[in-house]
Amino acid sequence: MKIQTFSLGILLVIFWLLNSGHYTPMILSLGAVSIALVIMIARRMKVVDDESQPLHLAASIPAYYLWLLKELVLSNVDVVTRIWRGAGSISPAMATIRINQTNDMNRVIYANSITLTPGTVTTEVSRDSITVHALSSSSIDALNTGEMEARIRRLDR
Amino acid sequence: MNMETVINMVLLSLLVVTAIAIVRIKDLFAAAMLAGIYGLLSASFFVMMDAVDVAFTEASVGAGISTLLMLTTLAMTGRFEKISGNYRPRLALVLVALTGALLIYGTLDMPAFGTAAAPVHEHVAPRYLNDSYAEIGIPNAVTSVLASYRGFDTFGEVVVIFTAGIGVLALLMRAEKPTPRTQTPTASMHEHMVLRIVAKMLIPLILLFGLYVQFHGEYGPGGGFQAGVIFASAFFLYSMLFGLSEARKVVNHVVVQILAALGVLLYGSVGIVSLMNGKNFLDYSALSADAVHGQHLGILAIELGVGITVTTVMIIIFFAFSGRNQIEGEKD
Amino acid sequence: MTILTTYISWTFLVLGGFLCISGAVGLLRFPDFFTRMHAASVTDTLATALIILGLLLQTDAWMVQVKLVMVLVFVLLTSPTASHALAKAALHGGLKPQLKIARGSNKAGQQSEAEA
Amino acid sequence: MFTVAAAAVLVAMILALARAFAGPTLYDRILAVNVFGTKTVLLIAIVGFLMGRPEFLDIVMVYALMNFITVIGILRFFEYAAESESADETIKER
């Protein structure tokens, strides 16, 4: 809990300094008061934990996002082609895929990665499976190869 | 024709089309959705007109909060208009037509839109624009006008908001009893895994963004009104995802009500302090030996008052509405 | 700003604009709510990213760049979340997706078995 | 080039508006509002540059935020409505 509060504090300080652009003593001290207030409220709301401050992922996440970016571009191209070719080119499919993730954070990263890539939307997430609606059954097949899932599983190792 | 004119024309035509659609549509949920679009459109239009502060308010209130409040209302009242077959409001139609005609008649001798010779551009506006920086010392002239030159009007606005809060409390809190009930939102929180984690990440940042807007109103668009709404919206998000009773634990409603009054009080007492120092009500130059510094302090204080009142009244209204919904839901 | 960054920025803006329109066309053309949702996500992701990156290259003020990046991160975080919530609500609300190919509908069970 | 991008965003806005009018289900309308919101975010960002005032970005931020909160709010109230009323009446368009 301590370390997460600290990292939230750092995050908030960076957020304030980047947004503010005014570094007079007055504004800076108002900023300090604001950050203290926000941390207090966040603690009361119990939103400061390893789910909101996933420090353990910090090292491995950038590489994952680069890979996701590549996927994102490819699937965008795919969906855009289908849009212009018309409704005949799509074959909507739904499937429930088993997942093997140890914590909710990873499940959420997986679910959101699927939704973020056009052509697939996560409709349901549970402990051991994820339901996906896809624009074409080939996207489901791609998910079934488990590449994305494996990459996410490797994140917190 | 340059791009700005084109954008203006498109935005205005979309506004008209949307307005007509809102009037024609029978499904009130759909109308609320379209009203959200209307808010987005008018805010874009304000941006085009360079009225950045207004656009800011419209973005947070018109496009955001008011849609939410309309939906909460619909959850209480039901989704479709109830019109009996022989409902013909002729008198109302005549009255509306008459008022409209009068208003149009009233605008006939007004100067044409955007004329430089219009009285408003010859007297007050140039005075504000030319002198406000020397007198108040802050770059955003809108804030100077709003908080200092016309501080009295703004005081009135804050009191109006406060009154609205009291009104909602008086109407809706009546049925409020701290009955322990099965909390649907909390119960389903595990299903809402994605929402839960994303909201947890965002809420502190939304809160801080609200405070940033609060304290930077002197330099850019923003100020107490917008900040209050943004700050409160973090609480809305929290209560929508974690349940109303959890949210009430975070902010006790007695404290919220007291704070709402304190915001107004803070604003008013700044005025009293300037009276005591021998200046006019809300003339902040009385607050410090250096007049410009006094203006700074005064604006900061009253904006804080505005921010506190707006935040708390928004929270009061939202909680009252959704609390009422839960009770109604239980009766069924 | 060099000529090169200008050209890159223009490419991004035009491409982003094209994707925007494509997504909106898909929103109109696709047959049911769930498929339209995929079209919408084109505009939410790559189109937004390209336009914001295009704008980012146009300015030298770091403050503006930082805010653009913040907007982008925010959109990339919230838009899949909102889409997911919307899809889920629609399914729970009883809206049935049109699954075009017959094998698509009963595929659900089989595939997860195969995977496991 | 800002002009091209702004024009594209405007066209997309018009198309999204058409979807919001047409429905047919409520979810389509919500989706359209959401898309419209994202387009507004982009439009204001571009307009800021077009008019040489990129400091509009704070507003853009608020838009993105409110867009998200509204969508979540809408879904929440659907859930309430679905619990209290008969599901058919709430969900299906008449």
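Chains as they are written, first to last, in this note's numbering: chain A, 84 to 240; chain B, 1252 to 1583; chain C, 364 to 479; chain D, 347 to 440. Using N, Cα and C, we set each Cβ at its ideal position, and we do this for glycine too.
Cβ neighbours of residue i in the same chain (closer than 7 Å, five flanking residues each side left out)
i, result
"Gly1416 of chain B", "Ala1511, Val1564, Ile1567, Ile1568"
"Ser90 of chain A", "Gln136, Leu138"
"Ile1258 of chain B", "Met1299"
"Leu396 of chain D", "Phe348, Ala352"
"Lys1530 of chain B", "Ser1536, Ala1537"
"Ala402 of chain C", "Gly386, Gly389, Leu390, Phe393"
"Leu1526 of chain B", "Phe1532"
Segment limits, alpha helix (DSSP H) that includes residue i
i, result
"Ala1512 of chain B", "1504 to 1527"
"Ala368 of chain D", "348 to 368"
"Arg181 of chain A", "Per DSSP, Arg181 of chain A belongs to no alpha helix (DSSP H); it is in the beta strand (DSSP E), 176 to 181."
"Asn227 of chain A", "220 to 227"
"Ser135 of chain A", "First-last for Ser135 of chain A: undefined, no H or E at that position."
"Ile1276 of chain B", "That residue, Ile1276 of chain B, is in no alpha helix (DSSP H); it is neither H nor E in DSSP."
"Gln1465 of chain B", "1444 to 1466"
"Gly281 of chain A", "The structure shown does not extend to residue 281 of chain A, since chain A is modelled only from 84 through 240, so no value can be given for it."
"Asp187 of chain A", "187 to 199"
"Glu230 of chain A", "230 to 236"
"Glu154 of chain A", "144 to 168"
"Gly398 of chain D", "That residue, Gly398 of chain D, is in no alpha helix (DSSP H); it is neither H nor E in DSSP."
"Thr371 of chain D", "Premise fails: Thr371 of chain D is in no alpha helix (DSSP H) and is neither H nor E."
"Leu458 of chain C", "It is not in any alpha helix (DSSP H) - Leu458 of chain C carries neither H nor E in the DSSP assignment."
"Gly92 of chain A", "85 to 103"
"Leu1495 of chain B", "1495 to 1501"
7 Å Cβ cut-off: residues of chain B touching residue i
i, result
"Ala366 of chain D", "Met1284, Leu1285, Ile1288"
"Val379 of chain D", "Met1284, Gly1287, Ile1288"
"Leu356 of chain D", "Ile1258, Val1261"
"Asp187 of chain A", "Met1444, Ile1448"
"Ala448 of chain C", "Leu1446"
"Leu372 of chain D", "Phe1280, Ala1281"
"Leu113 of chain A", "Phe1466"
Contacts that residue i makes with chain C (C-beta to C-beta distance below 9 Å)
i, result
"Ile405 of chain D", "Residues of chain C passing the Cβ test: none, with the nearest at roughly 10 Å."
Contact list for residue i against chain C, beta-carbon separation under 7 Å
i, result
"Met347 of chain D", "Trp373, Leu376, Val377"
"Phe424 of chain D", "Ala452, Gly456"
Short CB-CB distance (under 9 Å) between residue i and chain E
i, result
"Gly1558 of chain B", "No chain E is part of this structure, whose protein chains are labelled A, B, C and D."
Neighbouring residues, chain A, relative to residue i (Cβ below 9 Å)
i, result
"Gly456 of chain C", "Within chain A, no residue comes near Gly456 of chain C; the closest Cβ sits about 12 Å away, beyond 9 Å."
"Ile1553 of chain B", "Going along chain A, no residue has its Cβ under 9 Å from Ile1553 of chain B, so there is no contact; the nearest lies around 15 Å."
Per-residue contacts from residue i into chain A (C-beta, under 7 Å)
i, result
"Tyr1463 of chain B", "Trp99, Asn102, Ser103"
"Met1565 of chain B", "Residues of chain A passing the Cβ test: none, with the nearest at roughly 15 Å."
"Lys1451 of chain B", "Val130, Glu134, Ser135"
Unbroken beta strand (DSSP E) run spanning residue i, endpoints
i, result
"Ala217 of chain A", "212 to 217"
"Val204 of chain A", "203 to 208"
Same chain only: Cβ atoms within 6 Å of residue i, ignoring 5 sequence neighbours per side
i, result
"Arg190 of chain A", "Gln184, Val208"
"Pro1436 of chain B", "Residue confidence is low: Pro1436 of chain B scores 45 on pLDDT, short of 50, so the model does not pin down where it sits. No coordinate-derived value is stated."
"Ala1310 of chain B", "Ala1294"
"Arg1575 of chain B", "Leu1423"
"Asp1304 of chain B", "Val1393, Pro1472"
"Thr1433 of chain B", "Here Thr1433 of chain B scores only 44 on pLDDT, less than 50, and its place in the model should not be relied on; the value that follows carries that caveat. If we look at Thr1433 of chain B and ignore the five residues flanking it on each side, it has no Cβ neighbours."
Chain-ordered chain D contacts of residue i [CB-CB under 7 Å]
i, result
"Val1298 of chain B", "Ile390, Val393, Phe402, Ile405"
"Met1254 of chain B", "Thr349, Ala352, Leu396"
Partner residues on chain D for residue i, Cβ-Cβ distance less than 8 Å
i, result
"Ile1457 of chain B", "Leu411"
Chain D residues whose Cβ lies nearer than 9 Å to that of residue i
i, result
"Phe437 of chain C", "Met407, Ala410, Leu411, Phe414"
"Lys430 of chain C", "Pro400, Glu401, Leu403, Asp404, Val406, Met407"
8 Å Cβ shell around residue i - same chain, five flanking residues per side excluded
i, result
"Gly394 of chain D", "Pro400, Glu401, Phe402, Leu403, Val406"
"Val156 of chain A", "none"
"Pro195 of chain A", "The displayed chain sequence assigns Asn, not Pro, to residue 195 of chain A. Contacts found: Thr205."
"Ala1283 of chain B", "Thr1318, Met1321, Leu1322, Leu1325"
"Val357 of chain D", "none"
Proximal residues of chain B, C-beta to C-beta of residue i below 8 Å
i, result
"Lys121 of chain A", "It is worth fixing the name first, because residue 121 of chain A is Val in this sequence and not Lys. The contacting residues are Pro1455, Leu1458, Leu1459, Leu1462."
If you pair each beta-carbon of the stretch 1462 to 1480 of chain B with each one of the stretch 113 to 133 of chain A, do three or more pairs fall below 8 Å? yes
Counting Cβ pairs, one atom from each stretch, are 3 or more of them under 8 Å apart for the stretch 163 to 175 of chain A and the stretch 379 to 391 of chain C? yes
Completely contained alpha helix (DSSP H) runs for the stretch 1337 to 1400 of chain B, where each covers 4 or more residues: Those alpha helix (DSSP H) runs which fall completely within the stretch 1337 to 1400 of chain B and span 4+ residues are 1341 to 1358, 1370 to 1373, 1375 to 1386.
Does the stretch 374 to 394 of chain D touch the stretch 352 to 363 of chain D, meaning 3 or more C-beta pairs lie closer than 8 Å? yes
Jot down the residue ranges of each uninterrupted alpha helix (DSSP H) in the stretch 365 to 423 of chain C, minimum 4 residues, whole runs only, in chain order. Runs of the alpha helix (DSSP H) inside the stretch 365 to 423 of chain C: 366 to 392, 396 to 405, 411 to 419.
I want to know whether the stretch 208 to 222 of chain A touches the stretch 122 to 132 of chain A - three or more CB-CB distances under 8 Å. Too few Cβ pairs lie closer than 8 Å, so no.
For the stretch 366 to 374 of chain D against the stretch 428 to 442 of chain C, do three or more pairs of beta-carbon atoms, one drawn from each stretch, fall closer than 8 Å, so that the two count as touching? no
Check whether the stretch 1343 to 1352 of chain B and the stretch 1495 to 1515 of chain B are in contact - that is, three or more C-beta pairs closer than 8 Å. no
Does the stretch 1489 to 1503 of chain B come close enough to the stretch 1518 to 1530 of chain B to have 3 or more Cβ pairs within less than 8 Å? no
Is it a yes or a no for the stretch 1394 to 1412 of chain B touching the stretch 1469 to 1488 of chain B, going by three-plus beta-carbon pairs under 8 Å? Because the criterion of three Cβ pairs below 8 Å is met, the stretch 1394 to 1412 of chain B and the stretch 1469 to 1488 of chain B touch.
Would you be able to state if there are at least three C-beta pairs under 8 Å between the stretch 372 to 382 of chain C and the stretch 402 to 414 of chain C? Two segments are said to touch when three or more pairs of C-beta atoms, one from each, lie closer than 8 Å; by this definition the stretch 402 to 414 of chain C touches the stretch 372 to 382 of chain C.
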